[in-house]
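**Student:** Protein chains in written order, with the numbering used here: chain A, 5 to 124; chain B, 5 to 124.
Quick reminder that beta carbons are idealized off the backbone N, C-alpha and C, glycines included.
1) For the alpha helix (DSSP H) containing residue 70 of chain A, list its first residue and its last residue.
2) Assign residue 88 of chain A to buried or exposed, taking buried as 16 or more other Cβ atoms, counted over all protein chains shown, within 10 Å of its Cβ.
3) Could you check how far apart the C-beta atoms of residue 96 of chain B and residue 39 of chain B are, in whole angstroms? I think they sit under 8 angstroms.
4) Does the beta-carbon distance from residue 68 of chain A to residue 71 of chain B come in below 8 angstroms?
5) What would DSSP say about residue 4 of chain B, mapped onto helix, strand or coil?
6) I'd like to know whether the C-beta of residue 17 of chain A is nearer than 8 angstroms to at least one C-beta of chain B.
7) Return the residues of the segment 22 to 53 of chain B that lie within a Cβ-Cβ distance of less than 8 angstroms from chain A, sorted by chain order.
8) Tell me which same chain residues have a C-beta within less than 6 angstroms of the C-beta of residue 20 of chain A, skipping the five on either side of it?
9) Consider the Cβ of residue 64 of chain A: report whether some Cβ of chain B lies at a distance smaller than 8 angstroms.
10) Pick out whichever of B:36, B:45, B:16 has its Cα sitting closest to the Cα of residue 104 of chain B.
11) Where do the ends of the alpha helix (DSSP H) carrying residue 90 of chain B lie?
12) What residue range does the alpha helix (DSSP H) around residue 120 of chain B cover?
13) What does residue 68 of chain B touch in chain A if you count any residue whose Cβ is under 7 angstroms from its own?
14) Just the chain A side, please: which residues come within less than 8 angstroms of residue 61 of chain B by C-beta, in chain order?
15) Do the CB positions of residue 78 of chain B and residue 43 of chain B come within less than 8 angstroms of each other?
16) Quick one: what does DSSP say residue 17 of chain A is sitting in, helix, strand or coil?
17) I need the DSSP call for residue 47 of chain A, collapsed to helix, strand or coil.
18) Which residues in the same chain as residue 115 of chain A place their Cβ atom closer than 7 angstroms to its Cβ, once the five residues preceding and following it in sequence are excluded?
19) Closest to residue 85 of chain A by CA distance: which of A:47, A:24, A:66, A:64 is it?
20) How many angstroms separate the CA atom of residue 93 of chain A from the CA atom of residue 102 of chain A?
21) By Cβ distance below 6 angstroms, which residues in the same chain neighbour residue 47 of chain B in space, the five residues on each side in sequence not counted?
What follows is the structure, encoded as structure tokens:
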């Protein structure tokens, strides 16, 4: 039985229930792909630089493990579901793959959540 | 009960029971490492050439898979147990990682087995 003395507080909308307008979705998709491209370009550049420096076969096997790990990480991190997108953006913002300017066009309610989560 | 009518034939010594003299072992070890180095150098060279040509991230992930597969293959193929070494040498001979000259110093009984297995 609910406790009738529980005070009624204004809980923020859970992240998974936020509404994304079509314009916000377009902005989000652009930001997502910009970050993904930036990160993949960085991996590519590092892989090329590392490979050029390799002299020993053990370094080549380490490169393979490193690439497999990067791929797994990217696949896991870049999850384009609106129910988790603010958290995805928070991580990308924190790690420098996105700037706040990249989030232009996304509503303030979501920006606040993203900023807050990025500082956690 | 053994059949007393079974003719006695001279069976060749099973490969795993061949005797390797210390000098043969030294030659075998040298040949084994020469082939391994040759194959690893080829993998290294191909990895560097492939990486330099890569333009798309999917090719980079393919390279990682290719390297992981090469490593598994090399680990499996280069098995330095005398009980299997003639078969290992047969494969290396067949695939061009060893020449017959590389097997100098290894007894004719083993060379015959290696040649025979290489043609199978």
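**Tutor:** Looking at the atomic coordinates:
1) Position 66 of the first chain holds residue 70 of chain A. Start and end: 61 to 81.
2) For the purposes of this step, residue 88 of chain A is taken as residue 84 along the first chain, with counting starting at 1. The residue in question, residue 88 of chain A, is exposed, as its Cβ has fewer than 16 Cβ neighbours within 10 Å.
3) For this step, residue 96 of chain B is matched to residue 92 along the second chain. For this step, residue 39 of chain B is matched to residue 35 along the second chain. So it is a contact: roughly 5 angstroms between Cβ atoms.
4) Taking the first residue of the first chain as position 1, residue 68 of chain A is located at position 64. Taking the first residue of the second chain as position 1, residue 71 of chain B is located at position 67. A contact, by the Cβ cut-off of 8 angstroms.
5) Outside the shown range of chain B, which is 5 to 124, sits residue 4 of chain B, and nothing can be said about it.
6) To locate residue 17 of chain A, count along the first chain from 1; it is residue 13. No, because no Cβ of chain B sits closer than 8 angstroms to the Cβ of residue 17 of chain A.
7) 44, 47, 48, 51, 52
8) Within the first chain, the letter at position 16 stands for residue 20 of chain A. Correct list, in chain order: 87.
9) As a first step, residue 64 of chain A is located in the first chain; it is residue number 60 there, counting from the start. It does: the Cβ of residue 64 of chain A has a partner Cβ on chain B nearer than 8 angstroms.
10) The residue labelled residue 104 of chain B in the question sits at position 100 within the second chain. Nearest option by C-alpha distance: B:36.
11) Taking the first residue of the second chain as position 1, residue 90 of chain B is located at position 86. Taken as a continuous stretch (DSSP letters only), the alpha helix (DSSP H) holding residue 90 of chain B covers 89 to 98.
12) As a working mapping, residue 120 of chain B is identified with position 116 in the second chain. Looking at the DSSP string, the run of the alpha helix (DSSP H) that includes residue 120 of chain B is 112 to 122.
13) Indexing the second chain from 1 puts residue 68 of chain B at position 64. In chain order: 68, 71, 72, 75.
14) What you label residue 61 of chain B is simply residue 57 of the second chain in a count that begins at 1. Those are 44, 47, 48, listed as they occur along chain A.
15) Counting from 1 along the second chain, the entry for residue 78 of chain B is found at position 74. Counting from 1 along the second chain, the entry for residue 43 of chain B is found at position 39. For residue 78 of chain B and residue 43 of chain B, yes; Cβs fall inside 8 angstroms.
16) As a first step, residue 17 of chain A must be located in the first chain, where it is residue number 13. If DSSP states are grouped into helix, strand and coil, residue 17 of chain A belongs with coil.
17) For the purposes of this step, residue 47 of chain A is taken as the residue at position 43 of the first chain. Looking at residue 47 of chain A - three-state DSSP - the assignment turns out to be helix.
18) Indexing the first chain from 1 puts residue 115 of chain A at position 111. Closer than 7 angstroms at Cβ, skipping near neighbours: 107.
19) Residue 85 of chain A sits at position 81 when you count from the first residue of the first chain. The candidate whose alpha carbon is nearest that of residue 85 of chain A is A:24.
20) Numbered from its first residue, the first chain carries residue 93 of chain A at position 89. Numbered from its first residue, the first chain carries residue 102 of chain A at position 98. In a straight line, the C-alpha of residue 93 of chain A is about 8 angstroms away from that of residue 102 of chain A.
21) As a position in the second chain, residue 47 of chain B is number 43, starting the count at 1. Excluding residues within five positions, the ones whose Cβ falls inside 6 angstroms are 74.
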